[in-house]
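Only one structure is covered here, and it is reproduced in the block below.
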């Protein structure tokens with residue numbers, strides 16, 4: 001009774017911490033930060049699944065070869081008000097059930113969905129949450145058993161694939177490595193313990209479970225005791241002997257509950273050793289909980305740092321369409337309204353056009369020529385100068401067109417034709433006398449007609465050229481504005497209004513670009529970090 005009370009007190013402290021870690025893993029924080037974890041590692045046929053059965057109280061897939069083909073996160077939640085219920089989730093699918101006998105079927109189906117039918121493996125995680133009055137509060141990840149030889153249907157390098165998958169979990173310095181080793185083998189030769197030593201050379205985060213004590217050869221008990229007493233391979237967390245159901249007991253349909261209640265007589269008569277599932281639970285809980293509590297402030301600090309960084313990256317990217325379907329239609333209305341308003345706004349556009357035109361005006365105006373003897377020569381020179389302005393005008397059009405995010409349309413060709421017509425008209429030398437006289441220098445007006453007319457031609461040509469440049473500087477921007485913005489805006493706005501009445505809004509606003517994918521990735525990361533930060537704060 002005292003032992004039960006102690007376990008209840010410990011569970012009361014540990015449960016919120018375990019729930020927090022499980023919640024953060026479920027929202028994907030393990031992609032951003034290493035989380036405290038218990039990973040179960042063992043060679044094939046080491047009794048790994050049997051240990052998990054003993055801890056969870058339910059049968060898991062058994063057999064020869066690779067039985068665990070995907071990482072299995074086993075979440076055990078003690079609740080005295082619940083007889084037994086489970087939830088399995090994988091690949092976005094969630095299934096609830098309340099029969100312990102259904103566990104094997106659901107786990108095997110999940111593995112077939114993720115890894116395919118056969119003997120292949122997959123890195124995708126399967127989560128099995130069991131809530132019951134008979135389980136201890138604990139969460140651990142069962143990994144595929146280590147194999148050395150590929151069987152039929154497996155790639156030749158299956159052993160390397162499994163090792164890489166295991167290393168992915170146990171290299172995390174916050175991971176407790178639960179190594180399962182049979183009592184009747186030389187532990188120095190087991191691949192699981194070798195991998196644990198590589199990742200944890202000091203043995204500070206490795207706990208070994210010795211299985212199959214009933215198979216110890218007579219006379220070999222002392223060797224096992226040397227191991228248990230940490231005299232062969234030192235592990236700071238030590239060794240625990242766990243007796244699970246054997247094949248004979250399975251064939252006789254002995255329940256896991258009954259098996260757990262069977263006295264462990266092995267080695268008891270020789271020396272006092274750590275045995276049983278409660279010892280495993282106690283050691284794992286203490287070793288996970290104590291360091292984890294110290295690590296929580298570090299996790300919180302890292303989450304806040306990453307959140308600031310992600311928000312900064314998001315601020316440098318323009319907002320895209322909303323992800324929620326209900327918000328997409330409203331977004332489309334806002335875009336249409338904004339476009340309609342901006343397309344008919346003169347200020348920014350005229351500033352852009354005049355800025356570009358002034359640039360070309362400075363380059364191509366102000367040509368000085370010698371005097372001419374008659375009007376025909378004057379006209380010829382004007383036409384040549386006007387023709388030279390056509391290329392800068394068309395270049396200006398292309399430059400402005402490149403700054404306006406409108407799709408090519410029929411208005412583009414009409415605009416080019418109208419600008420061409422404008423230059424054809426400028427080939428006809430004409431302006432009203434009153435306007436021309438306003439552009440003449442004062443000294444030339446004062447000299448009158450008696451002065452040598454030939455000497456006036458440079459000034460006259462310059463004055464008329466200024467009139468031509470001014471007309472083009474006015475007409476070309478006006479033509480561009482009319483055809484590219486006003487007329488095109490009418491067409492596009494009409495089309496956009498039609499979009500509001502269509503049923504394929506999701507497809508219309510689907511952002512198929514690298515920047516969109518990058519934004520979505522950052523936003524998902526920010527959401528995960530915000531949620532994790534809230535959960536840590538609430539704890």
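In UniProt numbering, the protein residues as written are 1 to 539. For glycine and all other residues, C-beta sits at the position ideal for the given N, C-alpha and C.
Distance between residue j and residue i (C-alpha atoms, nearest Å)
{"i": "residue 383", "j": "residue 398", "result": "23 Å"}
{"i": "residue 95", "j": "residue 19", "result": "20 Å"}
{"i": "residue 143", "j": "residue 84", "result": "25 Å"}
{"i": "residue 235", "j": "residue 190", "result": "15 Å"}
{"i": "residue 87", "j": "residue 163", "result": "28 Å"}
{"i": "residue 107", "j": "residue 242", "result": "24 Å"}
{"i": "residue 155", "j": "residue 122", "result": "13 Å"}
{"i": "residue 389", "j": "residue 476", "result": "11 Å"}
{"i": "residue 229", "j": "residue 314", "result": "55 Å"}
{"i": "residue 480", "j": "residue 31", "result": "52 Å"}
{"i": "residue 428", "j": "residue 466", "result": "15 Å"}
{"i": "residue 61", "j": "residue 232", "result": "33 Å"}
{"i": "residue 483", "j": "residue 33", "result": "55 Å"}
{"i": "residue 134", "j": "residue 238", "result": "26 Å"}
{"i": "residue 335", "j": "residue 329", "result": "10 Å"}
{"i": "residue 298", "j": "residue 38", "result": "19 Å"}
{"i": "residue 446", "j": "residue 461", "result": "The predicted position of residue 446 is uncertain, since its pLDDT is 49 and thus under 50; a value taken from the coordinates is nonetheless stated next. For residue 446 and residue 461, the distance between alpha carbons rounds to 18 Å."}
{"i": "residue 200", "j": "residue 533", "result": "30 Å"}
{"i": "residue 370", "j": "residue 419", "result": "Here residue 370 scores only 38 on pLDDT, less than 50, and its place in the model should not be relied on; the value that follows carries that caveat. When rounded, the distance between both Cα atoms is 30 Å."}
{"i": "residue 394", "j": "residue 425", "result": "16 Å"}
Three-state secondary structure (DSSP) of residue i
{"i": "residue 42", "result": "strand"}
{"i": "residue 208", "result": "strand"}
{"i": "residue 519", "result": "helix"}
{"i": "residue 104", "result": "helix"}
{"i": "residue 133", "result": "coil"}
{"i": "residue 154", "result": "coil"}
{"i": "residue 173", "result": "coil"}
{"i": "residue 74", "result": "strand"}
{"i": "residue 37", "result": "strand"}
{"i": "residue 480", "result": "helix"}
{"i": "residue 58", "result": "coil"}
{"i": "residue 240", "result": "strand"}
{"i": "residue 127", "result": "strand"}
{"i": "residue 18", "result": "helix"}
{"i": "residue 528", "result": "helix"}
{"i": "residue 146", "result": "strand"}
{"i": "residue 412", "result": "helix"}
{"i": "residue 389", "result": "helix"}
{"i": "residue 66", "result": "coil"}
{"i": "residue 49", "result": "helix"}
{"i": "residue 25", "result": "helix"}
Residue range of the unbroken beta strand (DSSP E) whose run includes residue i
{"i": "residue 86", "result": "84 to 90"}
{"i": "residue 158", "result": "Here residue 158 belongs to no beta strand (DSSP E); instead the alpha helix (DSSP H) covers 158 to 170."}
{"i": "residue 139", "result": "138 to 142"}
{"i": "residue 93", "result": "93 to 97"}
Residue span of the alpha helix (DSSP H) that contains residue i, given as start and end
{"i": "residue 123", "result": "Looking at the DSSP string, residue 123 is not in any alpha helix (DSSP H), and its letter there is neither H nor E."}
Closer than 8 Å is the cut-off here; do at least three beta carbon pairs connect the region 211 to 230 with the region 68 to 80? no
Cβ pair count under 8 Å reaching 3, the region 38 to 46 against the region 177 to 192: Under the Cβ criterion (8 Å, minimum of three pairs), the region 38 to 46 counts as touching the region 177 to 192.
Mind the definition here: the region 14 to 28 touches the region 526 to 533 only if three or more C-beta pairs lie below 8 Å; say whether that holds. yes
Please confirm if the region 134 to 153 is in contact with the region 98 to 113, defined as three or more CB-CB distances below 8 Å between the two stretches. no
In the region 179 to 234, which residue ranges form an unbroken beta strand (DSSP E) of at least 3 residues, counting only runs that do not cross its ends? 206 to 211
Any chance the region 113 to 129 sits against the region 46 to 53, with 3 or more Cβ pairs inside 8 Å? The count of Cβ pairs closer than 8 Å, one atom from the region 113 to 129 and one from the region 46 to 53, stays below three, leaving the stretches out of contact.
Determine, using beta-carbon pairs with one atom in the region 324 to 333 and one in the region 300 to 316, whether at least three such pairs fall under 8 Å. no
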